[in-house]
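**Student:** Got a structure here, written out as structure tokens. Questions coming.
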Amino acid sequence: MAEFMEPNLVSNFDDEKSNSVDTRSIFQMGFPLESEEIVREMIEKERQHSPRDDYLKRLRNGDLDFNVRIQALGWIWKACEELQFGPLCICLAMNYLDRFLSVHDLPNGKAWTVQLLAVACLSLAAKIEETNVPELMQLQVGAPMFVFEAKSVQRMELLVLNVLRWRLRAVTPCSYVRYFLSKINGYDQEPHSRLVTRSLQVIASTTKGIDFLEFRASEIAAAVALSVSGEHFDKFSFSSSFSSLEKERVKKIGEMIERDGSSSSSQTPNNTVLQFKSRRYSHSLSTASVSSSLTSLS
Numbered sequence: 001m002a003e004f005m006e007p008n009l010v011s012n013f014d015d016e017k018s019n020s021v022d023t024r025s026i027f028q029m030g031f032p033l034e035s036e037e038i039v040r041e042m043i044e045k046e047r048q049h050s051p052r053d054d055y056l057k058r059l060r061n062g063d064l065d066f067n068v069r070i071q072a073l074g075w076i077w078k079a080c081e082e083l084q085f086g087p088l089c090i091c092l093a094m095n096y097l098d099r100f101l102s103v104h105d106l107p108n109g110k111a112w113t114v115q116l117l118a119v120a121c122l123s124l125a126a127k128i129e130e131t132n133v134p135e136l137m138q139l140q141v142g143a144p145m146f147v148f149e150a151k152s153v154q155r156m157e158l159l160v161l162n163v164l165r166w167r168l169r170a171v172t173p174c175s176y177v178r179y180f181l182s183k184i185n186g187y188d189q190e191p192h193s194r195l196v197t198r199s200l201q202v203i204a205s206t207t208k209g210i211d212f213l214e215f216r217a218s219e220i221a222a223a224v225a226l227s228v229s230g231e232h233f234d235k236f237s238f239s240s241s242f243s244s245l246e247k248e249r250v251k252k253i254g255e256m257i258e259r260d261g262s263s264s265s266s267q268t269p270n271n272t273v274l275q276f277k278s279r280r281y282s283h284s285l286s287t288a289s290v291s292s293s294l295t296s297l298s
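Residue numbers (the UniProt record's numbering): 1 to 298.
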């Protein structure tokens, strides 16, 4: 019995569906705000949950194929919109993707491996962040180039897990949102849901570009919180809650968000805004080629 099915053609989906994503879960869970001690621990560990230090440089100079990230990013966003996954899931999936690509090469000339990696990253992120996760076959929406049997996705999931050293509870900018918003308000209490929602949306949008990869997760979160709160970066006093951050770096992120609306910042090396379009592909791969190529990935 064959281990993997051949990829199937995926039909187009309704492009007129809402692009909104659910942002309610983070402030409906009832968890208390993070303490300063917990936040300090997250800041100390966030490097462990980030891509390798030279990742951005390699993307910019062409050592890594920038189109791989574009292709995976495009499908992850479209799938999250179709499945109504929230921005936390988008951020986590892109965190897994960037960390993986920064340390593990995909084989050249096999476009299906990019799609398989994107599916695996989204599947893992959904299991962490979403309450209703579809089966792996139903997860593969958004007009992907290929559709893979569940066993194929599971094997890629295992590879991603091993490469990431099973660190799935990643520290991302979303991890700090409620904390920084509460400190800006000055009351150490739950920030308004509208501010949390807007912050998560802006943070998710930063994944579309590569310039934000230059910064730490805590720096991005602080800049987003200040931006959506309407604070002026020059006038804001970086109190003890922000003392571990470099003000100039946070200010630079804020300027990038305000200048580009966060969604159009350096989408490609030539600063061209990405345009994701649904397309149909008709590819045929033998079961043997999929199986042997997956083995070579590890």
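From the three backbone atoms N, C-alpha and C, an ideal C-beta is built for every residue, glycine too.
Because the structure is a prediction, the values reported are computed rather than measured.
With a Cβ-Cβ cutoff of 8 Å, do Val39 and Ala72 count as a contact?
**Tutor:** Locating residue 39 in the sequence shown gives position 39, counting from the first residue. Locating residue 72 in the sequence shown gives position 72, counting from the first residue. For Val39 and Ala72, no; Cβs fall outside 8 Å.
**Student:** What are the boundary residues of the alpha helix (DSSP H) that includes Asp98?
**Tutor:** Counted from its first residue, the sequence shown places residue 98 at position 98. Counting along the chain, the alpha helix (DSSP H) containing Asp98 begins and ends at 87-103.
**Student:** Count the CB pairs spanning the segment 128-147 and the segment 102-110 that are closer than 8 Å, and state whether there are at least three.
**Tutor:** No, the segment 128-147 does not touch the segment 102-110.
**Student:** Name the residue from Cys91, Ile90, Gln84 whose alpha carbon lies nearest to the alpha carbon of Pro134.
**Tutor:** In the sequence shown, the residue the question calls residue 134 occupies position 134. The shortest Cα separation from Pro134 among Cys91, Ile90, Gln84 belongs to Gln84.
**Student:** Closest to Ser123 by CA distance: which of Lys151, Ser102, Val103, Ala111 is it?
**Tutor:** Residue numbering aside, residue 123 sits at position 123 when the sequence shown is read from its first letter. Ser123 has its Cα closest to that of Lys151, out of Lys151, Ser102, Val103, Ala111.
**Student:** Is it buried or exposed, Trp112, if we count other Cβ atoms within 10 angstroms and call 16 or more buried?
**Tutor:** Taking the sequence shown and counting its residues from 1, the one referred to as residue 112 is at position 112. Its Cβ being crowded by 16 or more others within 10 Å, Trp112 is buried.
**Student:** Using a 10 Å radius around the Cβ and a threshold of 16 neighbouring Cβ atoms, would you call Glu130 buried or exposed?
**Tutor:** Your numbering for residue 130 matches position 130 in the sequence shown. Buried.
**Student:** Kindly give me the distance between the Cβ atoms of Phe215 and Leu164, rounded to whole angstroms, as I take these residues to be in contact under 8 Å.
**Tutor:** Along the sequence shown, one-based indexing puts residue 215 at 215. Along the sequence shown, one-based indexing puts residue 164 at 164. The Cβ separation is near 20 Å, so there is no contact.
**Student:** What span of residues does the alpha helix (DSSP H) with Tyr176 cover, start to end?
**Tutor:** Position 176 of the sequence shown holds residue 176. No alpha helix (DSSP H) holds Tyr176; DSSP gives it neither H nor E.
**Student:** Starting from Glu157, trace the alpha helix (DSSP H) both ways and give me its first and last residue.
**Tutor:** To locate residue 157, count along the sequence shown from 1; it is residue 157. Its alpha helix (DSSP H) spans residues 150-163.
**Student:** Taking the alpha helix (DSSP H) that Ile210 falls in, what are its first and last residues?
**Tutor:** In the sequence shown, the residue the question calls residue 210 occupies position 210. No alpha helix (DSSP H) holds Ile210; DSSP gives it neither H nor E.
**Student:** Go ahead and pull the three-state DSSP assignment for His49.
**Tutor:** Counting from one through the sequence shown, the residue named residue 49 turns up at place 49. In the structure shown, His49 sits in a helix (DSSP, three-state: H, G or I).
**Student:** Using beta-carbon positions only, say whether Ile184 and Glu219 come within less than 8 Å of one another.
**Tutor:** For this step, residue 184 is matched to residue 184 along the sequence shown. For this step, residue 219 is matched to residue 219 along the sequence shown. Not in contact: Ile184 and Glu219 (Cβ atoms no closer than 8 Å).
**Student:** Look up Gln115 in the DSSP assignment and say whether it is helix, strand or coil.
**Tutor:** Residue numbering aside, residue 115 sits at position 115 when the sequence shown is read from its first letter. It is helical.
**Student:** So for Val133, helix, strand or coil by DSSP?
**Tutor:** As a first step, residue 133 must be located in the sequence shown, where it is residue number 133. Coil, per DSSP.
**Student:** Determine whether the beta carbon atoms of Leu92 and Ala125 lie at a separation below 8 Å.
**Tutor:** Within the sequence shown, numbered from 1, the residue matching residue 92 stands at position 92. Within the sequence shown, numbered from 1, the residue matching residue 125 stands at position 125. Going by C-beta atoms, Leu92 is nearer than 8 Å to Ala125.
**Student:** Starting from the C-beta of Ser227, find all residues in its chain whose C-beta is less than 8 Å away, skip the five residues before and the five after it, and write them out in chain order.
**Tutor:** By 1-based counting over the sequence shown, the position of residue 227 is 227. Correct list, in chain order: Val202, Gly254, Ile257, Glu258.
**Student:** Output yes or no for whether 8 Å exceeds the beta carbon distance between Ala225 and Ser199.
**Tutor:** If you number the sequence shown from 1, residue 225 lands on position 225. If you number the sequence shown from 1, residue 199 lands on position 199. Yes, these two residues count as a Cβ contact at 8 Å.
**Student:** Comparing C-alpha positions only, which one of Ala118, Ser35, Glu157 sits nearest to Arg69?
**Tutor:** For this step, residue 69 is matched to residue 69 along the sequence shown. The shortest Cα separation from Arg69 among Ala118, Ser35, Glu157 belongs to Ala118.
**Student:** What is the residue span of the alpha helix (DSSP H) that Gly74 lies within?
**Tutor:** What you label residue 74 is simply residue 74 of the sequence shown in a count that begins at 1. 66-83 is the extent of the alpha helix (DSSP H) around Gly74.
**Student:** Kindly indicate which three-state DSSP category Ala125 falls into: helix, strand or coil?
**Tutor:** Here residue 125 refers to the residue found at position 125 of the sequence shown. Three-state result, Ala125: helix.
**Student:** By Cβ distance, which residues of its chain are closer than 6 Å to residue 304, with the 5 residues on each side in sequence left out?
**Tutor:** This structure does not reach residue 304, given that the chain is present from 1 up to 298, and the question cannot be answered.
**Student:** Quick check on Ile43: does DSSP put it in helix, strand or coil?
**Tutor:** Within the sequence shown, the letter at position 43 stands for residue 43. Helix, per DSSP.
**Student:** Quick one: grab the DSSP three-state call for Arg167.
**Tutor:** Position 167 of the sequence shown, counted from the first residue, corresponds to residue 167. Arg167: coil per DSSP, three-state reduction.
**Student:** Grab the span of the alpha helix (DSSP H) containing Arg58 for me, first residue to last.
**Tutor:** By 1-based counting over the sequence shown, the position of residue 58 is 58. 55-61 is the extent of the alpha helix (DSSP H) around Arg58.
**Student:** Assuming contact is defined by CB atoms lying nearer than 8 Å, are Glu46 and Ala217 in contact in what I supplied?
**Tutor:** Against the sequence shown, residue 46 aligns to sequence position 46. Against the sequence shown, residue 217 aligns to sequence position 217. Cβ atoms of Glu46 and Ala217: closer than 8 Å.
**Student:** Just to confirm the assignment, what range does the alpha helix (DSSP H) spanning Leu245 have?
**Tutor:** Within the sequence shown, numbered from 1, the residue matching residue 245 stands at position 245. Per DSSP, Leu245 belongs to no alpha helix (DSSP H) and is neither H nor E.
**Student:** Indicate the three-state DSSP secondary structure (helix, strand or coil) for Met256 in the structure shown.
**Tutor:** Here residue 256 corresponds to residue number 256 of the sequence shown, with the count starting at 1. Helix.
**Student:** For Arg52, is the classification buried or exposed, using 16 other Cβ atoms within 10 angstroms of its Cβ as the cut-off for buried?
**Tutor:** On the sequence shown, position 52 is the one that residue 52 refers to. So Arg52 counts as exposed.
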